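What follows is one structure encoded as structure tokens, with my remarks underneath.
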């Protein structure tokens, strides 16, 4: 005889091992709406201990790296901008200096005429006032006149037209100024044209000899250096 006691009080579905749940929202018998038949949503499993802290630390490291990268980008852009401004200012200043030098160089023949007029005593009255105003203006623009008798000869700023020896000098000096030189700052607009006198027994410097040769070639006359007996 089979013992069916364990299945007593159980539905046929439960006895068969299958459970059916009616999730229809409308009751087929009454036709009315049933109460909420949805099963409660499963709550998310709690995070493992320490996982939240680890995630926050990783996110913080990522943000720090991004901040460092953006900071470096800003610093690089700022440095490039500063260099650009310096380059623009330097180029603008160079153009301004070049333009001023070009104008002053065109005025050099006028200044030479004023020097000759001054030597002959012709700078008088209104003409003298105009000459003084012009010279004051050119000086204010940075034009500097140079070339004095007795100063040391410098081939970078002097142009030697003649050369001679003398026991009364030491080294190589400018004994006569044929035409003054002009410069604006370190830029020479016109070299001073001078006569060069050297101490007796010296050797003609290559710079002086080259200048004399170039001048003689232009004039068609041979270069001569007279040495006193």
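In the working numbering, the protein residues as written are -19 to 209. Every residue gets a Cβ at the ideal spot worked out from N, C-alpha and C, and that includes glycine. Note that the structure is predicted; figures quoted are calculated from it, not measured.
Could you pull the start and end residues of the alpha helix (DSSP H) that residue i belongs to?
{"i": "residue 110", "result": "105 to 120"}
Taking the continuous beta strand (DSSP E) assigned at residue i, which residues delimit it?
{"i": "residue 156", "result": "152 to 159"}
{"i": "residue 171", "result": "Run containing residue 171: none; DSSP gives neither H nor E here."}
{"i": "residue 125", "result": "123 to 126"}
{"i": "residue 142", "result": "138 to 146"}
Give me the Cα-Cα distance between residue i and residue j, rounded to the nearest whole angstrom.
{"i": "residue 121", "j": "residue 176", "result": "31 Å"}
{"i": "residue 198", "j": "residue 104", "result": "In this prediction, residue 198 has a pLDDT of 45, which is less than 50 and means its spatial position is unreliable; what the coordinates show is noted afterwards. Roughly 38 Å separates the two Cα atoms."}
{"i": "residue 41", "j": "residue 32", "result": "14 Å"}
{"i": "residue 95", "j": "residue 115", "result": "11 Å"}
{"i": "residue 76", "j": "residue 111", "result": "25 Å"}
{"i": "residue 58", "j": "residue 165", "result": "33 Å"}
{"i": "residue 101", "j": "residue 73", "result": "40 Å"}
{"i": "residue 138", "j": "residue 149", "result": "18 Å"}
{"i": "residue 201", "j": "residue 143", "result": "Confidence at residue 201 is low in this model, with a pLDDT of 43, below 50, so the placement of that residue should be treated as unreliable; the coordinate-derived value is given next. Each residue's alpha carbon lies about 15 Å from the other."}
{"i": "residue 49", "j": "residue 37", "result": "19 Å"}
{"i": "residue 43", "j": "residue 61", "result": "27 Å"}
{"i": "residue 162", "j": "residue 97", "result": "19 Å"}
{"i": "residue 45", "j": "residue 56", "result": "17 Å"}
{"i": "residue 70", "j": "residue 54", "result": "24 Å"}
{"i": "residue 171", "j": "residue 160", "result": "8 Å"}
{"i": "residue 51", "j": "residue 78", "result": "40 Å"}
{"i": "residue 130", "j": "residue 154", "result": "5 Å"}
{"i": "residue 99", "j": "residue 65", "result": "49 Å"}
{"i": "residue 47", "j": "residue 63", "result": "24 Å"}
{"i": "residue 113", "j": "residue 158", "result": "25 Å"}
{"i": "residue 86", "j": "residue 107", "result": "20 Å"}
Since residue i and residue j should fall inside the 8 Å C-beta cutoff, what is the C-beta to C-beta distance between them, to a whole number of angstroms?
{"i": "residue 180", "j": "residue 126", "result": "27 Å between Cβ atoms; not a contact."}
{"i": "residue 141", "j": "residue 173", "result": "6 Å"}
{"i": "residue 84", "j": "residue 118", "result": "6 Å"}
{"i": "residue 81", "j": "residue 167", "result": "6 Å"}
{"i": "residue 5", "j": "residue 13", "result": "6 Å"}
{"i": "residue 128", "j": "residue 152", "result": "In fact, because the Cβ distance is near 15 Å, the residues do not count as touching under 8 Å."}
Taking DSSP's pairing of strands, which residues face residue i in a bridge?
{"i": "residue 163", "result": "124, 168"}
{"i": "residue 177", "result": "144, 153"}
{"i": "residue 215", "result": "As shown, the chain starts at -19 and ends at 209. That puts residue 215 outside it, with no answer to give."}
{"i": "residue 132", "result": "153"}
{"i": "residue 6", "result": "13"}
Taking 7 Å as the cut-off, is the beta-carbon of residue i closer than that to any non-hydrogen atom of the ligand ATP?
{"i": "residue 160", "result": "With respect to small molecules bound, the structure shown includes none, and the ligand ATP cannot be examined in it."}
Check your understanding: Would the segment 84 to 92 and the segment 126 to 136 be scored as touching if the rule is three or more Cβ pairs under 8 Å?
Key -> no
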